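Take a look at the structure set out below.
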Amino acid sequence: MIHPPLPDNPSCYRIEPGTMAGIIIADVILTIAIVIVTYHCASRRRRRKERADKVYMNVRANCKT
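Mapping of the sequence shown onto full-length UniProt numbering: residues 1 to 65, in sequence order.
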């Protein structure tokens with residue numbers, strides 16, 4: 001289907017399909033990177049907290065003897 005050329009409209013900006021695809025792909029990659037970094041930081045923080053709790057429980061067990 002062939003469309004007639006559109007008149008130049010200064011209030012409308014045309015984005016090429018390749019540019020739009022690039023923007024979408026970059027957005028998906030950035031979103032995945034943010035999720036991975038957030039998960040990694042949360043996992044490290046949780047492990048550190050669990051390790052600290054274990055040390056505290058061991059100290060309390062040693063004090064009872």
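We put the beta carbon where it would ideally sit given N, CA and C, even for glycine.
Values in this document were obtained by computation on a predicted structure and should not be read as measured data.
Q: Check whether the Cβ of I36 lies closer than 7 angstroms to any Cβ atom in chain D.
A: This model lacks chain D altogether, as it is built from one protein chain only.
Q) Which of helix, strand or coil does DSSP assign to C41? A) Of the three classes helix, strand and coil, the one that applies to C41 here is helix, per DSSP.
Q | As assigned by DSSP and simplified to three states, the class of residue 66 | A | With the chain covering 1 to 65 only, the question about residue 66 has no answer from this structure.
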